[in-house]
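See below for the structure under consideration.
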Amino acid sequence: MTLPPPGPAGDPVADLSALLGQLAGDPSDPAPQAATLAATLAAEPAEAEPVYRNVEAFVGDYLAHVVERRLASGPTPGVNWCSRWWAHPEAISRLYALWRAWETLRVSDPQTGMSIWWRDHLDPHLTALAAEYGPFNRCGPDKHVEPKPLPVEPAPPEVLAQLPDASVS
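Throughout the sequence shown, residue numbering follows numbering that gives the first Met the number 0, covering 0 to 168 in sequence.
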C-alpha cells in the first residue's frame with residue numbers, strides 16, 4: 000500500500016482522511032462499498048443451530064451422560080439428584096441456564112469454552128442443586144419430594160415506593 004500524498008500544508012486530518020479513503024475505496028463509487036459490505040457480512044458467522052432442541056434433551060441426552068457423581072441413597076453419601084428435576088422450579092431455571100451457556104460457549108469459544116462452562120457454570124449450579132439445602136435435598140434417585148416455595152409476605156407500598164422502578168407497574 001502506498002501512502003497518499005500529504006494534504007495541504009501537511010494537514011494531518013487531510014492525510015488521515017486520504018489514507019482512510021484509500022483503504023475503504025473511493026466513497027463516491029458504490030461498487031467497492033457494496034463489495035466491502037458483502038465481504039463483511041459473509042465473514043460474520045450465521046446464528047449457530049443449537050445441538051439440543053430444549054433443556055430436556057440437554058439434560059437427558061448430554062448432562063446425564065457426562066456428569067459422573069455417586070448419588071446419595073439412604074446412608075450412602077453422594078450427590079442429591081432428582082429424576083423429576085423438571086418438577087423443581089429452581090432446577091428448571093438453573094438447568095436451562097446451563098443449557099444456554101453450553102450452546103453459547105461451544106460456538107463463541109471452541110478452544111476453551113467447555114472448560115469455562117464446567118468451571119464457571121456447571122460446577123456452581125450442580126453444587127447448588129445438590130447441596131444440603133438445595134432443591135434436590137429431600138429427593139433421591141428413586142424418590143421425589145414436591146418442592147415447597149419460600150414463604151412470602153406482600154411488601155408494604157412505602158417500601159416499594161423507594162425502589163428506582165417504583166413507577167413501573
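No residue lacks a Cβ here, since even glycine has one placed at the ideal position from N, Cα and C.
This one's a predicted model, so the numbers in the text were calculated from it and none came from an experiment.
Between the Cα of C81 and those of V144, P148, P153 and P163, spot the shortest distance and give me the residue it belongs to. Selected option, being the one with the closest Cα: V144.
Coil, strand or helix - V50 by DSSP: Correct three-state label for V50: coil.
Supposed contact pair R68 and G77 - C-beta distance, whole angstroms, cut 8 Å: About 6 Å separates the two Cβ atoms, so the contact holds.
Hey, could you find the ends of the alpha helix (DSSP H) G112 is sitting in? Looking at the DSSP string, the run of the alpha helix (DSSP H) that includes G112 is G112 to I115.
Candidates R118, I91 and S92: which alpha carbon is nearest L104's? Nearest C-alpha to L104 among R118, I91 and S92: R118.
Our contact map puts N79 next to A90 with C-beta atoms below 8 Å; I'd like the distance itself, whole angstroms only. Actually they do not touch by this definition, with Cβ atoms about 11 Å apart.
Quick check for students: name the residue ranges of the alpha helix (DSSP H) that lie wholly in the stretch 105-155, counting only runs of 4 or more. Taking 4 residues as the minimum length, the alpha helix (DSSP H) runs contained wholly in the stretch 105-155 are 112-115 and 122-129, in order along the chain.
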